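Under full-length UniProt numbering, the residues of the sequence shown are numbered 1 to 434, in order. We put the CB at the ideal spot given by N, CA and C, even for glycine. As the structure is a computational prediction, the values presented were derived from the model and not from experiment. Report on the following structure.
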Amino acid sequence: MLAFLGLAMVVVFTFLIMTKRLSPIVALTLVPIVFAVIGGFGGTTGKMMLDGLKMVAPSAALLLFAILFFGLMIDAGLFDPLIRKILKRVNGDPMKIAIGTALLSLLVALDGDGTTTYMITCAAMLPLYKRIGMNPMILATISMLSLSIMSGMSPWGGPATRAIAALGLDAGAYFVPLLPTMIGGAMWVVFTAFLLGRAERKRIGNIQLQSGGGDCYIKAILEDTPHKRPKLAYVNLVLVIAVMAALVMGLMHAAILFLIGFVLALMINYPQLNIQKERILAHSGNAMTVVLLVFAAGIFAGIFSGTKMVDALAQTLVDWIPPSWGHLFPLVVAITSMPLTFVLSNDAYYFGVVPILANAAAAYGIDPLEIARASILGQPVHLMSPLVASTLLLVGMVDRDIGDFQKATFKWAVLTSLVVTALALLTGAISLFT
1 MLAFLGLAMV VVFTFLIMTK RLSPIVALTL VPIVFAVIGG FGGTTGKMML
51 DGLKMVAPSA ALLLFAILFF GLMIDAGLFD PLIRKILKRV NGDPMKIAIG
101 TALLSLLVAL DGDGTTTYMI TCAAMLPLYK RIGMNPMILA TISMLSLSIM
151 SGMSPWGGPA TRAIAALGLD AGAYFVPLLP TMIGGAMWVV FTAFLLGRAE
201 RKRIGNIQLQ SGGGDCYIKA ILEDTPHKRP KLAYVNLVLV IAVMAALVMG
251 LMHAAILFLI GFVLALMINY PQLNIQKERI LAHSGNAMTV VLLVFAAGIF
301 AGIFSGTKMV DALAQTLVDW IPPSWGHLFP LVVAITSMPL TFVLSNDAYY
351 FGVVPILANA AAAYGIDPLE IARASILGQP VHLMSPLVAS TLLLVGMVDR
401 DIGDFQKATF KWAVLTSLVV TALALLTGAI SLFT
């Protein structure tokens, strides 16, 4: 009963936001409350919602301060030299722009953080997309796929870190056999960018932009504003490197690091109080929209897990797998990780579901390392979920609705998951026969 109720809740929620019957914030809040009452949990719904808010509060704080921090860095012109080099290479060719987007986002995503990847990639490429009339959903799709490969599979990224910790594995033993899959996945993302860019070139043509003179498109995109601080470029670069290094080393919680980085950036670049207030207000709209969505997602997740719907769905999945499929268990985990990570948070899936799957696989003599590798192959689909905080940021940056984003990315996300699964099978990262 709980499993059916949970599945129905996810289906109704997805239908409502994709058909735009309800806004994401309303759907994330209202739908789980209704289903909790239907399931007889009305008396404890408030507590579950509060637990969900507490669960996502660190993520909301992280996104709030990360948006403000990188917003100030963009205002100060820190990324202008990198953006200028990319713009010179791609000019107005949609295919080159799409490939340039893939290469940039793959590189930035190596740090394992979705917020950083989306902020820098959108800051560099979105003005050019708008300049020549390219569909911003191509930027969003490529950025998401890049993050799913570089952050989703690397042992310092969130999903793999959780899988390794939940199963008590060695990071090196997990990662080395997966490296060819990760490289192949990155090549697939570039190829996908090529296909998307070529289709866009057919739609709008190859636009030659003037690269010199008063009408230089680079100058127009990187317009000089009173907020640029070119003389402080090296100071800002050192600040960004320090924050990212501390993040990778785990010296403090990410939200605290970005808070400190934001405060220092504000003091260094804009010491005048009136300008500080102006810069905060300039980015507060985007930040508030994302934070509200994150808190709404927390209500959804709190009810989903508090009612035990998520546990029932996971157990039902395990029960449905026939014993004769034992040797296919890694493949089953890889395929089912797509829908499961879409409806579950990474914490719920990797700490709640993956240990159950690993224990079941052990009965067939399958190494937990294979289950860990298989469990991260659905990350491209996971990153479509409105429960992922950084995805809400990406949708906000390209100024699109989450339903439109899912429609545009669904095919490519599923296809990418299937491709990396096939690569994992071919390279031996996961196997069909023990």
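Whose C-alpha, out of the options, is nearest the C-alpha of residue i?
| i | options | result |
| --- | --- | --- |
| Val190 | Pro81, Ile97 and Val238 | Ile97 |
| Ile138 | Val419, Leu415, Leu426 and Thr409 | Thr409 |
| Met267 | Val31, Arg131, Ala76 and Val34 | Ala76 |
| Phe69 | Val381, Leu264 and Leu87 | Leu264 |
| Gly81 | Phe13, Ile120 and Ile335 | Note on residue identity: the sequence assigns Pro, not Gly, to residue 81. If we check each option's Cα against that of Pro81, Ile120 comes out closest. |
| Lys202 | Asn135, Ser143 and Lys228 | Asn135 |
| Pro226 | Val12, Met187, Thr336 and Arg279 | Arg279 |
| Phe258 | Trp320, Met244, Asn269 and Pro271 | Met244 |
Between residue i and residue j, is the Cβ-Cβ spacing less than 8 Å?
| i | j | result |
| --- | --- | --- |
| Tyr129 | Pro155 | no |
| Pro127 | Gly197 | no |
| Ile371 | Met153 | no |
| Leu292 | Ile25 | yes |
| Gly100 | Ile204 | no |
| Ala374 | Pro330 | yes |
| Gly52 | Gly365 | no |
| Leu2 | Thr307 | yes |
| Ala255 | Leu62 | yes |
| Met125 | Gly302 | no |
| Pro380 | Ser148 | yes |
| Met309 | Met9 | yes |
Have a look at residue i and residue j and give me their C-alpha separation to the nearest angstrom.
| i | j | result |
| --- | --- | --- |
| Ile38 | Leu383 | 29 Å |
| Lys20 | Val56 | 25 Å |
| Ser431 | Leu104 | 32 Å |
| Thr427 | Thr181 | 7 Å |
| Val333 | Leu357 | 8 Å |
| Ile74 | Ser284 | 15 Å |
| Thr416 | Leu251 | 34 Å |
| Asp399 | Pro322 | 45 Å |
| Ile164 | Leu328 | 21 Å |
| Gln315 | Pro339 | 15 Å |
Pick helix, strand or coil for residue i, following the three-state DSSP scheme.
| i | result |
| --- | --- |
| Leu64 | helix |
| Gln272 | coil |
| Asp75 | helix |
| Ile366 | coil |
| Gly378 | coil |
| Gly298 | helix |
| Arg400 | coil |
| Pro230 | helix |
| Leu432 | coil |
| Arg21 | coil |
| Gly39 | coil |
| Val310 | helix |
| Val414 | helix |
Cβ of residue i less than 8 Å from any chain D Cβ?
| i | result |
| --- | --- |
| Ile256 | Here chain D cannot be found, since the structure has a single protein chain. |
- prompt: In the stretch 123-208, which residue ranges form an unbroken alpha helix (DSSP H) of at least 4 residues, counting only runs that do not cross its ends?
  reply: With a minimum length of 4 residues, the unbroken runs of alpha helix (DSSP H) contained wholly in the stretch 123-208 fall at 136-153, 158-167, 171-175 and 179-204.
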